[in-house]
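Enquirer:
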Amino acid sequence: MRFTLRDAAAARQFDDLVAQTAAGIRTEPGTLVYAVHEPVDEPLVRVFYELYADREAFQAHEDQPHTKHFLAAREQFLTSTEVTFLNELGGLSKRPGSEG
Numbered sequence: 054m055r056f057t058l059r060d061a062a063a064a065r066q067f068d069d070l071v072a073q074t075a076a077g078i079r080t081e082p083g084t085l086v087y088a089v090h091e092p093v094d095e096p097l098v099r100v101f102y103e104l105y106a107d108r109e110a111f112q113a114h115e116d117q118p119h120t121k122h123f124l125a126a127r128e129q130f131l132t133s134t135e136v137t138f139l140n141e142l143g144g145l146s147k148r149p150g151s152e153g
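Residue numbers for the sequence shown follow the numbering used here, so the first one is 54 and each next one is one higher.
#1: Check whether the Cβ atoms of HIS114 and THR80 sit closer than 7 Å, and answer yes or no.
#2: Mark ARG99 as exposed unless 16 or more other C-beta atoms lie within 10 angstroms of its C-beta, in which case mark it buried.
#3: Would you list the one or two residues that DSSP bridges to PHE56?
#4: Would you please state the rounded distance, in angstroms, between the beta carbons of THR74 and PHE111? I believe it to be under 8 Å.
#5: Can you name the start and end residues of the alpha helix (DSSP H) that LEU70 belongs to?
#6: Nearer than 6 Å: is that true of the beta carbon of LEU139 relative to any heavy atom of the ligand HEM?
#7: Taking 7 Å as the threshold (C-beta atoms), are ALA72 and PHE130 in contact?
#8: Determine the direct distance from the alpha carbon of LYS147 to that of LEU57, and round the result to whole angstroms.
#9: Using only CA atoms, which one of LEU145, ALA126, GLY144, ARG108 lies nearest to PHE138?
#10: ALA113 lies in the alpha helix (DSSP H); which residues open and close that run?
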């Protein structure tokens with residue numbers, strides 16, 4: 054996901070919202086990766102990389118109260134949202150327990 058934020062104040066508030074939401078996400082067994090990035094030279098952009106055990110785990114994540122709160126609250130800080138779903142084709146992962 055790629056989020057473009059309104060301004061620096063909105064970026065700070067959005068980052069606070071993300072931090073609050075992450076506390077709940079840590080308890081989701083099917084959420085394997087939930088990483089938030091700021092692209093170099095784009096201080097008003099956040100890119101999320103999310104990896105779930107399967108489609109059911111993604112749906113379980115979407116159904117959580119903390120996720121629903123995030124989805125509703127984030128809009129006030131954004132000018133645009135871009136969502137891209139990916140199919141894993143291969144690669145390398147050095148995460149503990151990975152086979153890549």
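All residues carry an ideal CB built from backbone N, CA and C; glycine is no exception.
Expert: Quick answer:
#1: Residue 114 sits at position 61 when you count from the first residue of the sequence shown. Residue 80 sits at position 27 when you count from the first residue of the sequence shown. Result no, Cβ atoms of HIS114 and THR80 do not sit closer than 7 Å.
#2: The residue given as residue 99 occupies position 46 in the sequence shown. Buried is the call here.
#3: Counting from one through the sequence shown, the residue named residue 56 turns up at place 3. Bridge partners of PHE56: ARG99, THR134.
#4: Reading the sequence shown from its first residue, position 21 is the one you call residue 74. Reading the sequence shown from its first residue, position 58 is the one you call residue 111. Actually they are not in contact, since the Cβ atoms of THR74 and PHE111 sit about 15 Å apart, beyond 8 Å.
#5: As a first step, residue 70 is located in the sequence shown; it is residue number 17 there, counting from the start. Where LEU70 is concerned, the enclosing alpha helix (DSSP H) stretches over 61 to 78.
#6: In the structure on display, the ligand HEM does not appear, and there are no ligands present to speak of.
#7: Numbered from its first residue, the sequence shown carries residue 130 at position 77. Numbered from its first residue, the sequence shown carries residue 72 at position 19. No, the pair does not count as a contact, with Cβ atoms beyond the cut-off.
#8: Taking the first residue of the sequence shown as position 1, residue 57 is located at position 4. Taking the first residue of the sequence shown as position 1, residue 147 is located at position 94. A small fix is needed here, since residue 57 is Thr in this sequence, not Leu. Each residue's alpha carbon lies about 30 Å from the other.
#9: Position 85 of the sequence shown, counted from the start, is the residue given in the question as residue 138. Among LEU145, ALA126, GLY144, ARG108, the Cα nearest to that of PHE138 is on ARG108.
#10: Numbered from its first residue, the sequence shown carries residue 113 at position 60. Note, ALA113: alpha helix (DSSP H), 108 to 115.
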